[in-house]
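For the sequence shown, the working numbering begins at 17 and goes up steadily by one. Using N, Cα and C, we set each Cβ at its ideal position, and we do this for glycine too. A short worksheet on the structure shown next.
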Amino acid sequence: MPSTFAFAVRHSDTFWFRGALPDVDATLRGDDEELTLEGSARVDSISVVEPEAMRASVLGSAFFDADRHPRLTFRSTAIRLTEDGQAEVEGELSMRGVGRPVFATGEYSPPRQAAFGEIAGLQLATTIDRREFGFDWQTEMPDGGVAVGWDVRLDVDLLLIREEAAGEG
Numbered sequence: 017m018p019s020t021f022a023f024a025v026r027h028s029d030t031f032w033f034r035g036a037l038p039d040v041d042a043t044l045r046g047d048d049e050e051l052t053l054e055g056s057a058r059v060d061s062i063s064v065v066e067p068e069a070m071r072a073s074v075l076g077s078a079f080f081d082a083d084r085h086p087r088l089t090f091r092s093t094a095i096r097l098t099e100d101g102q103a104e105v106e107g108e109l110s111m112r113g114v115g116r117p118v119f120a121t122g123e124y125s126p127p128r129q130a131a132f133g134e135i136a137g138l139q140l141a142t143t144i145d146r147r148e149f150g151f152d153w154q155t156e157m158p159d160g161g162v163a164v165g166w167d168v169r170l171d172v173d174l175l176l177i178r179e180e181a182a183g184e185g
């Protein structure tokens with residue numbers, strides 16, 4: 017499925033280190049009165065492949081700790097979708113076994129027919145302090161500054177496909 021969970025963090029105060037977790041499951045349930053968004057991403061699906069040492073570091077205990085925490089999860093507590101396509105979502109994001117409240121904003125594309133069924137789109141962005149989720153690793157650069165920024169931008173792009181209700185043909 018083309019949904020992704022992407023991240024970007026400043027590296028060496030020089031460039032944006034970007035990655036994505038493309039193995040995403042997400043479900044939007046409810047009606048116009050009350051919606052719930054739940055999702056998860058498989059950490060070892062991370063787009064960082066080479067160099068192998070970088071992949072091992074990102075998946076290792078200093079960062080995602082994928083062996084102990086193979087998935088990150090999200091569950092909404094409030095969703096606001098406007099007629100002009102704006103979206104605001106509040107909920108709890110859990111990474112590395114740590115859950116924290118997050119607030120994200122973005123765009124919503126309402127349901128429409130496509131070749132493979134009824135689809136909708138939801139794109140959300142927020143920034144977190146990685147220390148709040150246990151991503152504490154850091155080293156200082158020889159000329160000052162830090163190797164990896166504390167603030168991480170998260171971008172979620174979801175393709176939502178309506179599932180047929182039980183008993184429907």
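Assigned secondary structure, residue i (DSSP; H/G/I helix, E/B strand, else coil)
i           : result
residue 116 : strand
residue 148 : helix
residue 132 : coil
residue 41  : strand
residue 24  : strand
residue 159 : coil
residue 18  : coil
residue 143 : strand
residue 173 : strand
residue 153 : coil
residue 47  : coil
residue 34  : strand
residue 29  : coil
residue 166 : strand
Whole-number beta carbon distance between residue j and residue i, since they are thought to touch under 8 Å
i           : j           : result
residue 85  : residue 59  : 7 Å
residue 91  : residue 149 : Not a contact, Cβ separation roughly 15 Å.
residue 174 : residue 19  : 5 Å
residue 89  : residue 106 : Residue 89 to residue 106, Cβ: 15 Å. No contact.
residue 28  : residue 163 : 6 Å
Neighbourhood of residue i by C-beta, 7 Å cutoff - its chain only, sequence neighbours within 5 removed
i           : result
residue 166 : 145, 146 and 147
residue 61  : 37, 38 and 39
residue 30  : none
residue 142 : 118, 119, 120 and 170
Own chain residues within Cβ distance below 8 Å of residue i, not counting five before or after
i           : result
residue 133 : 177 and 178
residue 156 : 162 and 163
residue 12  : Because the chain is modelled from 17 through 185, residue 12 falls outside the range shown and cannot be assessed.
Cβ shell of residue i (< 6 Å), same chain only, five flanking positions each side left out
i          : result
residue 23 : 35, 168 and 170
residue 21 : 37, 40, 57 and 172
>> Restricting to runs no shorter than 4 residues, where is the alpha helix (DSSP H) found entirely within the region 53-124?
In response: 68-75
> Can we say the region 97-108 touches the region 76-84, given the rule of at least three CB pairs closer than 8 Å?
Replying inline: no
> Should the region 119-132 be called in touch with the region 152-164, which here means at least 3 C-beta pairs below 8 Å?
Replying inline: no
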